[in-house]
Amino acid sequence: MERASQGEPEAFGLLVARYEGPGAIVATWDDLPSRPGDTWTDGPSWVLGAPPPPPAMHAWVLRPVGPARNDERLQLALDVLSAVDPGLRRDVCELTGGVLLEGSGPDQLERALALLRGPPFSLDVEADPPW
């Protein structure tokens with residue numbers, strides 16, 4: 028896009044780019060080889076990582092109940108939830124030896140518990156404070 032940066036229009040298929048200054052919006056009818064929200068530049072590009080998740084402020088000890096105590100299914104379900112929500116952390120409770128689910132607040136833990144109890148996991152799980 029060097030010619031475009033000198034004020035001359037440059038054509039890319041049906042796209043016409045002209046330098047309008049930093050933050051210019053480019054419109055096109057054709058699909059460009061990028062995703063929505065990508066930044067096009069003729070200089071170096073900077074990719075910033077995601078910020079770290081907030082610290083864990085609440086925790087519950089999870090226990091599978093019922094005739095079929097599915098500890099393996101609980102571990103797999105928590106792996107999936109931790110991948111979807113990086114703010115959820117799993118640890119081992121030092122007092123009970125149970126699964127400790129940590130999050131930034133009670134709402135986050137309630138949503139995780141609702142997902143564990145509902146489809147697709149359908150686990151019978153009890154949650155208690157870790158004391």
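Residues 28 to 158 in this note's numbering are what the sequence shown spells out, letter by letter.
Note that CB positions come from ideal geometry on N, CA and C, so glycine has one too.
So, for residue 158: in the same chain, excluding its five sequence neighbours on each side, which residues have a beta-carbon less than 6 Å away from its beta-carbon?
For the purposes of this step, residue 158 is taken as the residue at position 131 of the sequence shown. Cβ within range, chain order: n/a, list empty.
Is it buried or exposed, residue 126, if we count other Cβ atoms within 10 angstroms and call 16 or more buried?
Within the sequence shown, numbered from 1, the residue matching residue 126 stands at position 99. It is buried - the Cβ of residue 126 has at least 16 other Cβ atoms within 10 Å.
Are the beta-carbon atoms of residue 150 and residue 100 separated by less than 8 Å?
To locate residue 150, count along the sequence shown from 1; it is residue 123. To locate residue 100, count along the sequence shown from 1; it is residue 73. Closer than 8 Å, so yes.
Quick test of the definition: if touching needs 3 or more C-beta pairs under 8 Å, does the segment 57-72 touch the segment 102-118?
Output reads no: the segment 102-118 does not touch the segment 57-72.
Compare the Cα-Cα distances from residue 141 to each of 123, 98 and 108 and report the closest residue.
In the sequence shown, counting from the first residue as 1, residue 141 sits at position 114. Shortest Cα-Cα distance from residue 141 to any of 123, 98 and 108 involves 108.
Which first and last residues belong to the beta strand (DSSP E) in which residue 143 is found?
Here residue 143 refers to the residue found at position 116 when the sequence shown is read from its first residue. Element bounds for residue 143: not the beta strand (DSSP E) but the alpha helix (DSSP H), 133-144.
Pair within 8 Å by beta-carbon distance, residue 129 and residue 86:
Position 102 of the sequence shown, counted from the start, is the residue given in the question as residue 129. Position 59 of the sequence shown, counted from the start, is the residue given in the question as residue 86. Here residue 129 is near residue 86, since their CB atoms are less than 8 Å apart.
Less than 8 Å between C-beta atoms, sequence neighbours within five positions excluded: which residues of the same chain meet that for residue 81?
Walking along the sequence shown from the start, residue 81 turns up at place 54. Excluding residues within five positions, the ones whose Cβ falls inside 8 Å are 114 and 131.
Can you list, in chain order, the residues of its chain with a C-beta nearer than 6 Å to that of residue 153? Leave out the 5 residues immediately preceding and following it.
Walking along the sequence shown from the start, residue 153 turns up at place 126. Residues 90 and 92 of the same chain have their beta carbon placed closer than 6 Å to that of residue 153, with the five preceding and five following residues left out of the count.
With H, G and I counted as helix, E and B as strand and the rest as coil, what does DSSP make of residue 156?
The residue labelled residue 156 in the question sits at position 129 within the sequence shown. Reduced to three states, the DSSP call for residue 156 is coil.
Closest to residue 88 by CA distance: which of 105, 148, 61 and 111 is it?
One-based indexing of the sequence shown puts residue 88 at position 61. Checking every option, the nearest Cα to that of residue 88 belongs to 105.
DSSP has residue 130 in a bridge; who is on the other side?
Along the sequence shown, one-based indexing puts residue 130 at 103. Its beta-bridge partners are 85.
What does residue 92 pair with, by DSSP beta-bridge criteria?
Mapped onto the sequence shown, residue 92 falls at position 65. None, per the DSSP bridge assignment.
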